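Residue numbers (my numbering), protein chains in the order written: chain A, 1 to 364; chain B, 1001 to 1096; chain C, 2001 to 2321.
C-beta: ideal position from N, C-alpha, C; glycine also.
If you're wondering where the values come from, they're calculated on a predicted model, not measured in any experiment.
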Amino acid sequence: MKTFSGLNSERIDALLASIRSVCEGLAEIRLMEVCGTHTVSIFRSGIRSLLPKNVRLISGPGCPVCVTPSGYLDAACNLAGRSGVTVCTYGDMVRVPGTDGSLADHRAQGGDVRVVYSVRDALRYAMDTPDKEVVFLAIGFETTAPATASAILEARRSDVKNFSVLEGHKLVVPAMRTLLSDPSTALDGFICPGHVSVVIGSAAYKPISREYGKPCVVAGFEPIQILACVERLAMQVREGRADVENVYQVAVKEEGNVVAMQRIEEVFQPAAATWRAMGSFPDSGLKLRQSYQEFDAARRFGLKTDGDYEPPACRCGDVIQGKVEPLECALFGKTCTTTHPIGPCMVSSEGTCAAWFKYGSVAR
Amino acid sequence: MCLAVPGRIALIHRSDSESDARTTATVDFQGSRVQISLELTPDARVEDWVLVHAGFALQVLDEGEARELWEYLQEADVVREIPVFAENPVREESER
Amino acid sequence: MTRRLIEDRIAPKLRNDLLNPLDDSATLELPAGRVCFTTDSYVVQPLVFPGGDIGKLAVCGTVNDLAVMGARPVALSLALIIEEGLSLEVLERLLESLAETAREAGVPIATGDTKVVERGRGDGLIVNTAGIGVLGDSVQLGLSRISPGDAIIVTGRIAEHGLAVMSVREGLEFETSLMSDAAPLNGLAQAILGAGADVKFMRDPTRGGLAGVMADLAEATGFSIEARESDIPLSRVCLHTAEMLGLYPLTVANEGKIVVVVSESDAEKALAAMKVHRYGQHAAIIGRVTDRAPALAELVTRAGGRRIVQRPYGEELPRIC
Chain A
1 MKTFSGLNSE RIDALLASIR SVCEGLAEIR LMEVCGTHTV SIFRSGIRSL
51 LPKNVRLISG PGCPVCVTPS GYLDAACNLA GRSGVTVCTY GDMVRVPGTD
101 GSLADHRAQG GDVRVVYSVR DALRYAMDTP DKEVVFLAIG FETTAPATAS
151 AILEARRSDV KNFSVLEGHK LVVPAMRTLL SDPSTALDGF ICPGHVSVVI
201 GSAAYKPISR EYGKPCVVAG FEPIQILACV ERLAMQVREG RADVENVYQV
251 AVKEEGNVVA MQRIEEVFQP AAATWRAMGS FPDSGLKLRQ SYQEFDAARR
301 FGLKTDGDYE PPACRCGDVI QGKVEPLECA LFGKTCTTTH PIGPCMVSSE
351 GTCAAWFKYG SVAR
Chain B
1001 MCLAVPGRIA LIHRSDSESD ARTTATVDFQ GSRVQISLEL TPDARVEDWV
1051 LVHAGFALQV LDEGEARELW EYLQEADVVR EIPVFAENPV REESER
Chain C
2001 MTRRLIEDRI APKLRNDLLN PLDDSATLEL PAGRVCFTTD SYVVQPLVFP
2051 GGDIGKLAVC GTVNDLAVMG ARPVALSLAL IIEEGLSLEV LERLLESLAE
2101 TAREAGVPIA TGDTKVVERG RGDGLIVNTA GIGVLGDSVQ LGLSRISPGD
2151 AIIVTGRIAE HGLAVMSVRE GLEFETSLMS DAAPLNGLAQ AILGAGADVK
2201 FMRDPTRGGL AGVMADLAEA TGFSIEARES DIPLSRVCLH TAEMLGLYPL
2251 TVANEGKIVV VVSESDAEKA LAAMKVHRYG QHAAIIGRVT DRAPALAELV
2301 TRAGGRRIVQ RPYGEELPRI C
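The following block contains the structure:
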């Protein structure tokens, strides 16, 4: 599989021709991407406008910001408002509203919120300013969790007392199971997240294909890879197969990144987690192991993070489960826009509603 | 969900401490350079392509595929640059 | 204190015939006809970034606002709000840069003001400039002149300023060969207008980037704006740096570019005039105005798909997810 032959239009044309012929005469094929970067790439490149009409791409709960419950944001804002506390966060979280405004609002009111590129920068800041409590907002899926684990291990080695993390990591495979357990979602296959798979390995989807009979194909993010993935999925649907395939072999190995998985394992254990607007389900998130609880910001500051409040009429929960498209939400594009977002899917730059709103969808 | 970008290792900085976990690398993203951790990819070497996410290399990219990646980048409709970091042999070789 | 600061440190750097008397107002002699008048305030952190600084920015921003109207800038005002604790050395360096940019643009600082505020109240340095320009009788620019078929040209590689500033932002620092494109564009604008092409509209794609200008054009004209992604000038460094940070180059700020709308038949003529100018070497025709309904700004992507380009919102932050 030539994964990076890039924007070569001949290859794109050949793939599109193949997809058209594979899908011809089939009923509607519903494929879900569970990765916000796929969502954005699909919109930016206009892939939807190129696919046959009976192929539907549905955006799933693939944006770590969108699945973070409002209670987590409220806890983060609470911390930002305390004197002597600095909240360090990836840029993604800054504008997401909790029940009482966003981190950006709290920063405007004097809260100490710093945007970082890496958790390493947050830890370094903690080491440089020992008189401040530095709390890192640990969000993201399996891709990002090893970085958080590494920073905690380093904080332990270097005996950094003023560093802690507000744990909000989520796990993708349990979310896929939840979606499949809900008959109203009706999916025919998954475009599996490329960079989560770099860590967990393509083998992690085998139980999904086996137990639920759904094809899973791991893809990278260039348009050509997404099209190659759609082709494989359509082929499996046509042939009635449900296998795990991988069109992102340049980066994704069957076993994933074993060192990264060990770091997660060392510091965290699976735990029930609340997904914004979807509710709580078992083993779908991470919590710090007993031996690392001193780095748990929720514990250190006595905060809860799992509260979940949704603005009235906001359908983000249904949108991220692929049950409705953003256009079916009464707020979309009217009171809820990228300038004045109401729900989390509109706030995050890779949220499904933001992608629909920002990149539009000329065809379909 | 998770943005990760391929870059090429220009330099490796081994920590003088006992822990491998502190090894970092300067990774070149076609003209911008960032220092990242090699903790999760202890086998990475200078000139390897790595996939970087949030300041960590997540995977060493397969050599053959990485070359294809490079060719793809050459093909892309991007204005050609004057070589940057020209003093660096890795970069010069990359620019061909 | 402030008086000495002005007399010893500030005025000498900006020396010119209009400012020299240090009277309460400057006296300008303007030709009869239309005059353009604009103002902008500049806040940037850090004050110095690769390829520029707040001084250069404060001149370029205001000069360029006049330039894209087709006006010849004749004078600027300058107000400095200095936070206590800003080192005199840094201040002098910023003023030298400001003065040099004004010299390059050929526009004198005709009048000025300086205030010093307490520590913690000023962001180091805040600069306001206002500018006056004269508009020649032959200049006929306006959104209402745009019609389907017109070509859209951008005068060079996009996204350099925003990414260069980000590379030195506290907590996000990375090493880069990127430089801000900040430049005074009055010379380029006059060269474009003097090319004998039917130029209909110009705008500088600063905050909001090229995406912002495209969206504005579609909304204001009621026509669709169609650009080809592969024709948009973009350096490889910018492409990959933006990718690394999770930003989209079309939405990143520029401080040395103009988006030009010109009649289709004159597009090559206008382009040729840009390409011989120092700040227009990488100019390219990126798209056209169409009557496709509804009126939208659209991008034909490298993959051959189409998507809508919208005005970006809020502050562009690097993202990880």
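Exposed or buried, which one is residue i when buried takes at least 16 other CB atoms within 10 Å?
i, result
"G213/A", "exposed"
"Y292/A", "buried"
"S9/A", "exposed"
"E133/A", "buried"
"H38/A", "buried"
"P183/A", "exposed"
"T2002/C", "exposed"
"P2318/C", "buried"
"D1077/B", "Reliability fails at D1077/B, whose pLDDT of 36 lies under 50, so the model's placement of it is uncertain and no value is given."
"V2117/C", "exposed"
"G62/A", "buried"
I want to verify the contact list: residues of chain C whose CB lies under 7 Å from the CB of residue i, in sequence order.
i, result
"I29/A", "Residues of chain C passing the Cβ test: none, with the nearest at roughly 19 Å."
"S9/A", "G2304"
"P223/A", "A2303"
Could you name the residues that DSSP lists as bridge partners for residue i?
i, result
"D296/A", "V165/A"
"Q269/A", "K287/A"
"C2036/C", "G2133/C"
"L2317/C", "Beta-bridge pairing links L2317/C to no other residue."
"V135/A", "V87/A, S164/A"
"R157/A", "DSSP output for R157/A lists no bridge partner at all."
Of all the CB atoms in chain A, is at least one closer than 8 Å to the CB of residue i?
i, result
"H1053/B", "yes"
"A2303/C", "yes"
"L1040/B", "yes"
"Q2045/C", "no"
"S1015/B", "no"
"L2172/C", "yes"
"R2306/C", "yes"
Would you say residue i reaches chain C, if we count a Cβ-Cβ gap shorter than 8 Å as a contact?
i, result
"L50/A", "yes"
"V1046/B", "no"
"F1029/B", "yes"
"T335/A", "no"
"D308/A", "no"
"R120/A", "no"
Using a beta-carbon distance below 8 Å, is residue i in contact with chain B?
i, result
"H195/A", "yes"
"L2076/C", "no"
"S102/A", "no"
"R95/A", "no"
"V2309/C", "no"
"V135/A", "no"
"V87/A", "no"
"Y117/A", "yes"
"R82/A", "no"
How about residue i and residue j: are their beta carbons less than 8 Å apart?
i, j, result
"V67/A", "R238/A", "no"
"V2139/C", "P2050/C", "no"
"V1027/B", "I1009/B", "yes"
"E2083/C", "K2013/C", "no"
"Y125/A", "T86/A", "yes"
"T99/A", "D128/A", "no"
"V2154/C", "I2054/C", "no"
"V247/A", "A228/A", "yes"
"G285/A", "K170/A", "yes"
"T2114/C", "I2010/C", "yes"
"S2263/C", "D2181/C", "no"
"A80/A", "I264/A", "no"
"Q2310/C", "A2189/C", "no"
Find the residues of chain A that neighbour residue i, judging by a C-beta separation of less than 9 Å, and give them in chain order.
i, result
"L1061/B", "V250, A251"
For a contact defined as C-beta to C-beta under 9 Å, what are the partners of residue i on chain C?
i, result
"L1003/B", "E2243, M2244, L2245, G2246, R2319, I2320, C2321"
Determine the chain B residues that contact residue i at a beta-carbon separation under 8 Å, and present them in chain order.
i, result
"E154/A", "A1021, R1022"
Please compile the residues from chain B whose C-beta is within a distance smaller than 7 Å of the C-beta of residue i.
i, result
"V199/A", "L1058"
"I257/A", "It should be noted that the sequence gives Asn, not Ile, for residue 257/A. Going along chain B in sequence order, the residues near N257/A (Cβ under 7 Å) are L1040, L1058, Q1059."
Give the interface partners of residue i over in chain B, defined as CB-CB distance under 9 Å, in chain order.
i, result
"S2167/C", "S1032"
"F2049/C", "None at all; the shortest Cβ gap to chain B is about 14 Å."
Taking 7 Å as the cut-off, is the CB of residue i close to at least one heavy atom of the ligand GDP?
i, result
"S9/A", "You won't find the ligand GDP in this model; it holds no ligand whatsoever."
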